[in-house]
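As given, the protein sequences belong to chains G and E, one line each in that order. Reminder that position 175 of the first sequence reads as 175 in the numbering used here, one-by-one numbering, no gaps. Reminder that position 271 of the second sequence reads as 1271 in the numbering used here, one-by-one numbering, no gaps. For each residue, glycine too, the CB sits at the ideal point set by N, CA and C. Keep in mind the model is a prediction, meaning the values are calculated, not measured.
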Amino acid sequence: MFSRRLALAALGAGALALASAGTASAADKMTLTLNWLAQPFQSGFFLAKEKGYYDEVGIDLTIIEGKGSTSTAQITAAGSTDVGFVSAATAISLIGKGAPIKIIAETMHGNFQTVASMEGSNIKEPKDLIGKSVAVCPGCAQLPMLKGMLAKAGIKEGEVNIQNVDQSAHISMLEEGKIDAVAGDPNTISIEVEERGGKVRNMYFKDWGIGQISYAVIARNDKLEANPDLYKRFVAASLKGWRGIIDDPEAAITALQNQYKEIKLSRHILLRQLKEGIIPFICVEDSPGIGKASDHLWDVTYEVMTNYMGLDANIDIDAAHTHEFLPADLPSCDLPS
Amino acid sequence: MVNVSATMTASTDQRSRVASLLDGASAKVILPILTMALVLVAWEYFCILLEIPPYLVPKPTEFLGRFYTDFANIGYHMWATSKVILMAFVFAGIIGVTMGYMIVTFATLERGAYPLIVFLEIIPKTITAPLFVAWFGVGLSSKLMLTTFIAFFPILVNSIAGFRSIDPRLYHISRSMGANWSQTFRFIQYPAALPYIFAGLKIASVYAVTASIVIEFVGSTEGLGYLIIEAMAFMDMELMFAAILATALTGLLFNLVVTSFERLVIPWMQYRQ
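In structure tokens form, the structure reads like this:
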């Protein structure tokens, strides 16, 4: 009697294990390569993963940190990753060079990159940079933006001393006066300097004519054609995560810290970065919803990139992106009151 | 019989002419150029055959074309990198040879300083480069310091080997003939160590180029490293590869200069080769 019960229990456990294994193997494996190391501004993806949004749609997602938008865009074009999260300008430049990739969701519409300087330096507009030194991290998307802003302001090449400086040295060089300004992400410069008691002035690129779409999700064309449903599910789950960081920034930072325990910045700073430096830029005034930029913004992006950032004017900007993978009901851009 | 003999003589003459052409001074120029040309042709062919996209790997015709059209810009950055390498090389040479002599002469110095030098040398340059930029700022100082620091070690090691290579009996002979310290150094130690020192200089010439480019990646306003990074930011792969070619040419040029200088300073070494 006892051994029969034991046998039945073992059979039941075995059947359960088989059923679970069957369910796990049904999830589609996907890799997402980020543009850089994990930071609050990618936390839409981390939150979606933490909340199980990808699991709900049958995706087993692996998120890989990147080494710059250029490298991530190239990796995506080479097919070594399923999706990439990159600077939209970088993606469009690569598409212009024939890369078989497409932007499938515009996750950040507002260009939040700045030229940051210490308050006392009196750098308020591009012309104030003449004769000054500006640091840019090697190979970063801020370099074309900076050159574009200077060109739009009529400042000649060479009038501003642009210095290639590793990101790790930006804050110390700015604080010590070794550099007059830094072109970069205000979340990693301004907020951190302010937390240490300094005062920073941000000159946003978007306020000086370089207001192109900021960040986007890209994928290779053949992968999109092979499995469109997978990418629709991925985009839907991701945009839910991006809406989630607006509704619950605390949960977004918790997700980031849980998944990237090596991040040493305090929770307070991470939250400030998200609330002040990211959430206000997810959408702009005429954004239809999270994940979709307006036609007007695409026109602005084309104009900025062809006039000031070296993009070939013959590029078919409409073919560089598609909205067919977006959910019918886009998450709203409304900010909490 | 005569005809066979004449034919054999003619073909032998031909073979000797070819052999002398291949062995001659011109071979040192022709052979490397031929090899490089073959590599470039194969590269071009495989890019076309395998349909490798230009945004990943440009074809030689593409980046060689950019090298030509953008030569003024590339030349400017090449000179910016070269002058740092030249200065660093001179400093590294002076410091390396002097320190090598001191270490061989004073055993205490070898026991105390040499392990520390080796330890500092082992630290990866990708770690030290950002530190140098943070400490000394972006500009000539940090570039010169790091390039000198990296180039001096092979010179030091080879200088030590060179000064140690002297048969100790020569010192007895020189002392017995009344030679003082400076005469011993000038007529025995220095000439004996020169072949080793030049071997170190040739290695250092390559290290110096690498070091200069690495620090330009991390903090610079000009130079080939700066140009490579800028091209990457604009996804300009043709320019990037043209700049990489310029880097290789810079290294080759420095190596050639050192080799030529070696022939001038130690002409007797040529006859041993």
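query, result
"Where Val284 (chain G) sits in the DSSP three-state scheme", "coil"
"Buried versus exposed, by CB contacts within 10 Å (16 or more), Phe1046 (chain E)", "exposed"
"Neighbouring residues, chain E, relative to Val165 (chain G) (Cβ below 7 angstroms)", "Val1133, Val1138, Gly1219"
"Residue from G:Pro100, G:Gly110, G:Glu119, G:Lys156 whose Cα sits closest to the Cα of Lys127 (chain G)", "G:Lys156"
"Interface flag, Gln1273 (chain E) vs chain G, CB-CB below 7 angstroms", "Annotation note: pLDDT 48 at Gln1273 (chain E) (below 50); position unreliable, no value reported."
"Three-pair Cβ contact test at 8 angstroms for the region 135-146 of chain G versus the region 1227-1237 of chain E", "yes"
"Residue-level contact to chain E via CB, Lys156 (chain G), 7 angstroms cutoff", "no"
"Any non-hydrogen atom of the ligand NAD closer than 6 angstroms to Ser1165 (chain E) Cβ", "The model depicted lacks the ligand NAD and carries no ligand whatsoever."
"Coarse secondary structure for Phe85 (chain G), derived from DSSP in three states", "strand"
"Selection from G:Ala153, G:Ser168, G:Ile171, G:Val182 that minimises the alpha carbon distance to Asn161 (chain G)", "G:Val182"
"Pairwise C-alpha distance: Tyr204 (chain G) and Ile33 (chain G)", "First, the residue type needs correcting, since residue 33 (chain G) is Thr and not Ile in the sequence shown. Computed Cα separation, rounded: 27 angstroms."
"Per-residue DSSP class, three states only, for Arg1186 (chain E)", "helix"
"Same chain only: Cβ atoms within 6 angstroms of Val304 (chain G), ignoring 5 sequence neighbours per side", "Ile210, Gln212"
"Neighbourhood of Ile1266 (chain E) by C-beta, 8 angstroms cutoff - its chain only, sequence neighbours within 5 removed", "Pro1191, Leu1194, Pro1195, Phe1198"
"Touch test, the region 269-287 of chain G against the region 183-196 of chain G, Cβ-Cβ under 8 angstroms, three pairs minimum", "yes"
"Neighbourhood of Arg243 (chain G) by C-beta, 6 angstroms cutoff - its chain only, sequence neighbours within 5 removed", "Ile290, Pro331"
"DSSP-derived helix/strand/coil call for Pro336 (chain G)", "coil"
"Cβ shell of Ala236 (chain G) (< 6 angstroms), same chain only, five flanking positions each side left out", "Pro327"
"Closest Cα partner of Gly110 (chain G) within the set G:Phe281, G:Met309, G:Glu324, G:Asn307", "G:Phe281"
"Cβ distance (whole Å) where Pro100 (chain G) is taken to contact Leu270 (chain G) below 8 angstroms", "36 angstroms between Cβ atoms; not a contact."
"Alpha carbon of Arg220 (chain G) to alpha carbon of Ala320 (chain G), nearest angstrom", "11 angstroms"
"Proximity of Ile86 (chain G) and Ser69 (chain G) at Cβ, strictly below 7 angstroms", "Per the sequence shown, residue 86 (chain G) should be read as Val rather than Ile. The answer is yes: Cβ separation under 7 angstroms."
"Which of helix, strand or coil DSSP assigns to Glu1230 (chain E)", "helix"
"Closest residue to Thr1221 (chain E) among G:Ala135, G:Lys124, G:Leu129 (Cα-Cα distance)", "G:Ala135"
"For Ser117 (chain G), three-class secondary structure by DSSP", "strand"
"Cβ-based contacts, 7 angstroms cut-off: residues of the region 1229-1246 of chain E near chain G", "Ile1229, Glu1230, Met1232, Ala1233, Phe1234, Met1235"
"Residue(s) in a DSSP beta bridge with Gly211 (chain G)", "Gly211 (chain G) is not bridged to any residue."
"Ala89 (chain G) beta carbon less than 7 angstroms from that of Ala216 (chain G)", "no"
"7 angstroms Cβ cutoff, Tyr1055 (chain E) in contact with chain G", "yes"
"Chain G residues whose Cβ lies nearer than 7 angstroms to that of Tyr1226 (chain E)", "Asn164"
"Residue-level contact to chain E via CB, Pro186 (chain G), 7 angstroms cutoff", "no"
"Assigned exposure category for Pro1060 (chain E) - 16 Cβ within 10 Å defines buried", "buried"
"Burial state of Gly131 (chain G), where buried means 16 or more other Cβ atoms lie within 10 Å", "exposed"
"Pairwise C-alpha distance: Phe46 (chain G) and Ala24 (chain G)", "With a pLDDT of 45 at Ala24 (chain G), under the threshold of 50, the modelled position of this residue cannot be trusted; read the value that follows with caution. Computed Cα separation, rounded: 20 angstroms."
"Neighbour-count burial assignment, His1077 (chain E), 16 or more Cβ in a 10 Å radius", "buried"
"Segment contact, 8 angstroms Cβ cut-off, at least three pairs: the region 1124-1137 of chain E with the region 161-178 of chain G", "yes"
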